[in-house]
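Report on the structure given below.
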Amino acid sequence: MNHRTIHICVMLLLVFCTSALFADASLVVHLDTVAHPISPTLHGIFFEDINFGADGGLCPELVKNGSFEFVPDPTMGWHRIEPDHNTDEVSVLSDHPLNENNPHYLRMTVGENHGASGHGMLNDGFRGMGVAANAEYVFSVYGRMGDAAEHDLNVVLEGADNTIITAIEVPMQGTEWKKYTAKLKATKTDAQAHLVVVGRTPGTMDLDMVSLYPTETFNHHGLRSDLVQLLKDLHPKFMRFPGGCIVEGRTLDSRYQWKNTIGDPAQRKLIVDRWNSEFNWRPTPDYFQSYRLGFFEYFQLCEDIGASPLPLVNCGMACQFNTGELAPLDQLQPYVQDALDLIEFANGPADSQWGKKRAEMGHPAPFDLKRMGIGNEQWGPHYVERYKVMAEAIHARYPDIELVAAAGPFPNGALFDYAWKELSALHADILDEHYYASPDWFIQHADRYDHYPRSGPKVFAGEFAAQSVGIASPNNKNTWRCALAEAAFMTGLERNSDVVVMSSYAPLFAHVDAWQWTPNLIWFDNLKSFGTPNYYVQQLFGANTGDALLVSESTGDTAGLFITACRDDSTRDVIIKIVNTQSTVRTVHIELTGQISPNATATEQILASDDLAAENSLAEPLKVSPVTREIASIGSSFDEKTPGNSMTVIRVHAAK
Ligand code: AHR
């Protein structure tokens, strides 16, 4: 070594020592030493039809109760327009209905002297109808006339101020049920529009399945584009559906039955949503499940957003927080059959009994179902007995399908311990743990999985969300403090992703005017939507999951810092995540040991706010959202200054 080389080495050492000296903590990442592979399904989403997540949310149908099946009030959502003459009538009837799954329909009788304005009904949608200027909508209705004459149905879309946005005349004729469609184009934007249908010709008109549906939907698959895009932008690796408690139902009769949700929407048997009357502080009497968003649409949505499907089926148990009704053990066959048929619906050949139904709905190729959940948040011996019956039957026919079993409603305690003991003995594949807890709990439990057994079932952190006030309190907010605590916790999921194979925040969606539960990941009104700070935490993890956790050591003052390092195998990027839960800037000196290009660049994303109470909103959707910076030259040793209360993701493009 000549003098010049020695000099350079001494200088470099000095630079390193000085920068390490000024840093609060140091991180050494061994680029070529893998701790373990990261589960490819680590980050996903959990969809439940709560908070108007389906009807009034993802499903953009604008007419509420178009089927007149909201029993006991089948005209809920509809208002009679003041008749001009006392011979005008409306009633809901059920003789000779459209089909047996849809037994009610509306009969409008238009009197002889009804006047020029006609006689009709107004539908106010799901807390209003959101329509956009120049967007097109398909109006459709099943109609049956009382006589052979042609009857005109005047269809009018009106704004909140009752002015006409657009209108069309739909001629109807025939004494048998027939479907009529017409296209309307909105001339202005209105988040609170309503629809009026008016009969102009004397006589009776029977109407059913009244619908107004936008022509523009995500991939033309019938779901609201902005909401699906928000899901896709999370980079979810799986989607769990359709819940949640709605899988269980308050009673077994009101459980979710996937077979009622496929095929022609007019044949899908509507059911009351179990969140309709769950909380007396947020009653939602108009909350039903039309199943316009049904199992076919869920599978298709998974495909559209690149997520592996994870459907849940009922296991013969209604919600244990409600009736806890049980199907006797010797009468579980229908539940077992539903699960087996669901696998065939998703994966079976197009000429199999259930695969054929999938093909008829437009998807002959299988949906590649790999896992299924048995029950939702069940607990106790009744669950273990039922899980055993279901698992044995499913694995006998489909040994490769992984089954997710419930670890109960709480993250610890007697029910939780019992579930782990018994379900481990049954060699359950994956246990679904739920935790709704304070932000402090999340920070304190970031090491929850560091000492979990590696030999038993894997873990699905299936429902979690920091609660700013208390579990399911209507005062909970999606604050930055909650999101930051979740971020700290999620570094623990990544560090232990050899045992935690899946995770999802819950719930996913909420309508700002029709929610029952808070906090939620995404909020929306009839036209707009936004991601919460929690959404951006999920997005940063989802987009930067990596394939392998790298061996790394942190030293120095690491209090309040949560750090992971992993590698993206396809790009050879090194991804470092640092969550700083303290309010001051913390500098981490980072050393990358191993092969790194001298020209390596990096991309840094910082999610931060000085205000722990900060929230996003329709007015300020990006108030707490990541800021991205490109770094032209990074080297193998650098200082990362992390702002107080922040999450930082540094992607070092080590191979470039
Ligand atoms: O996410 C809301 C509810 O919380 C889910 O339906 C249920 O599984 C849990 O209790």
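Heads up, the sequence shown is in the numbering used here, so the first residue is 1347 and it goes up one at a time. The beta-carbon is built from N, C-alpha and C at its ideal position, and this holds for glycine as well. No experiment lies behind these values; they were computed from the predicted model shown.
* Using 8 Å as the Cβ pair cut-off and three pairs as the minimum, do the stretch 1387 to 1398 and the stretch 1515 to 1532 touch? -> no
* **Own chain, CB closer than 6 Å to asparagine 1824, minus 5 neighbours either side, in chain order** => Pro1865, Thr1878, Asn1880, Glu1961
* 7 Å Cβ shell around glutamate 1748 - same chain, five flanking residues per side excluded -> Lys1716, Arg1717, Asp1775, Ile1776
* Where proline 1449 falls, given that 16 or more other Cβ within 10 Å makes a residue buried -> buried
* To do: Write down every uninterrupted run of the beta strand (DSSP E) in the stretch 1778 to 1845 whose length is 3 residues or greater and which is fully enclosed by it, in chain order.
  => 1804 to 1812
* Report the rounded CA-to-CA distance for leucine 2003 versus threonine 1947, giving the unit in angstroms. => Any answer about residue 2003 is impossible in this case: the structure gives the chain only from 1347 up to 2002.
* Would you check if the distance between the CB atom of phenylalanine 1887 and the CB atom of alanine 1834 is smaller than 8 Å? => no
* To do: Please report how far the alpha carbon of valine 1556 lies from the alpha carbon of serine 1437, in whole angstroms.
  => 15 Å
* **Backbone CA spacing between tyrosine 1781 and glycine 1471 [nearest angstrom]** => Between tyrosine 1781 and glycine 1471, the C-alpha separation is close to 35 Å.
* So, are the CB atoms of proline 1937 and threonine 1994 less than 8 Å apart? -> Reading off the sequence shown, one finds glutamate at residue 1937, where the question assumed proline. Taking 8 Å as the Cβ cut-off, glutamate 1937 and threonine 1994 do not qualify as a contacting pair.
* Asked: Using the rule of at least 16 other Cβ atoms within 10 Å of the residue's Cβ for burial, across every protein chain shown, is histidine 1999 buried or exposed?
  -> buried
* Less than 8 Å separating the beta-carbons of valine 1750 and phenylalanine 1806? -> For valine 1750 and phenylalanine 1806, yes; Cβs fall inside 8 Å.
* Asked: What number of angstroms, rounded off, separates the C-alpha of leucine 1377 from the C-alpha of isoleucine 1942?
  -> 8 Å
* Asked: Near leucine 1769, which residues of its chain fall below 8 Å by C-beta distance, leaving aside the five closest residues on each side in sequence?
  -> Val1730, Tyr1733, Ala1751, Ala1753, Leu1777, Pro1803
* **Cβ-Cβ distance between leucine 1569 and leucine 1647 below 8 Å** => yes
* Under three-state DSSP, which class holds leucine 1896? -> strand
* Alpha carbon of threonine 1509 to alpha carbon of aspartate 1536, nearest angstrom -> 11 Å
* Cβ contact check for the stretch 1968 to 1985 and the stretch 1912 to 1920: 3 or more pairs under 8 Å -> no
* Under a Cβ-count criterion, where at least 16 other Cβ atoms within 10 Å of its own Cβ denotes burial, should tryptophan 1604 be classed as buried or exposed? -> Counting Cβ neighbours within 10 Å, tryptophan 1604 comes out buried, since at least 16 surround it.
* To do: Give me the Cβ distance between asparagine 1926 and asparagine 1991, rounded to the nearest whole Å; I'm assuming they're in contact under 8 Å.
  => 7 Å
* Examine ligand 1 and report whether any of its heavy atoms sits within less than 7 Å of the Cβ of asparagine 1758. => no
* Exposure of asparagine 1565, with buried meaning 16 or more beta-carbon neighbours within 10 Å -> exposed
* With leucine 1686 as the anchor, note down where its alpha helix (DSSP H) starts and where it stops. => 1679 to 1693
* Does the pairing of the stretch 1696 to 1712 with the stretch 1756 to 1765 give three or more beta-carbon distances under 8 Å? -> no
* Asked: Is DSSP giving phenylalanine 1414 helix, strand or coil here?
  -> coil
* Go through the stretch 1577 to 1631 residue by residue and report every complete run of the alpha helix (DSSP H) that reaches 4 residues or more, in order. => Within the stretch 1577 to 1631, the complete alpha helix (DSSP H) runs of at least 4 residues are 1591 to 1594.
* Residues that alanine 1751 bridges to, as DSSP identifies them -> Leu1777, per the DSSP bridge assignment.
* Asked: In whole angstroms, what separates the C-alpha of leucine 1373 from that of serine 1929?
  -> 20 Å
* Closest to threonine 1527 by CA distance: which of Val1487, Thr1933, Pro1710 is it? -> Val1487
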